[in-house]
Amino acid sequence: MIRTVLLAGAILVSGGSAAFAQSATPLAAYADENGFLDVQALTCAQLAGTYQQDADALTAWYSGWYNGLARKHYYDIKKGKQVEHEVIVYCKANLDKKIIDAIAVVFKDERAKLGIELK
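Mind the numbering: the sequence shown is residues -21 to -1, 1 to 98 in mature numbering (1 follows the signal peptide of the UniProt record, and there is no 0), read in order.
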């Protein structure tokens, strides 16, 4: 009996993830005719609905963009992965938001945790 339940669960999990993988949309689908993405227009639904490697690449790009704006030239790998995960979690719960807005929310929360106040 336990084996049957475990086997059924394994089949459901593998079938469910296969269905999700098939429904993912590559970020390239949102590129213009020259192959560029308008990163300020991308939505959380697009981030949440793409492949993990595309989501990773995009969030790494955003990290570089924000670090460039702050004139920082360091990348904190551990914190970067943590914030990336938090942005993706936020986006999955707020599909109608833009990714740049999700990043602003997550960064604001991170600053608050660290006691950093912006002027």
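Glycine included, C-beta positions come from ideal geometry on N, C-alpha and C. Remember, predicted model here, so these are calculated numbers, not experimental data.
Within the DSSP secondary-structure output, Lys77 pairs in a beta bridge with Thr22. Taking a contact as a CB-CB distance under 8 Å, the pair Ile67 and Ala27 counts as one, their CB atoms being some 7 Å apart. DSSP places Ile67 inside the alpha helix (DSSP H), whose first and last residues are Ile56 to Ala72. For Ala3, the secondary structure class from DSSP, reduced to helix, strand or coil, is coil.
Non-local C-beta neighbours of Ile78 in its own chain, meaning closer than 8 Å and more than five positions away in sequence, comprise Val18, Leu21, Thr22, Cys23, Gln25, Leu26, Leu37, Tyr41, Val66 and Cys70, ordered along the chain. Close CB contacts of Ala34 within its chain, under the 7 Å cut and outside five residues either way in sequence, are with Leu26 and Ile67 (chain order). Comparing alpha-carbon positions, the option among Gln61, Ala10 and Lys51 lying closest to Val85 turns out to be Gln61. Annotation for Pro5: Thr29, Tyr30 and Asp33 place their beta carbon closer than 8 Å to its own, counting only its chain and skipping 5 residues before and after. Here Glu12 is exposed. Its C-beta has fewer than 16 other C-beta atoms within 10 Å.
A Cβ-Cβ distance of about 7 Å is found for the pair Asn73 and Ala81, placing them in contact under the 8 Å criterion.
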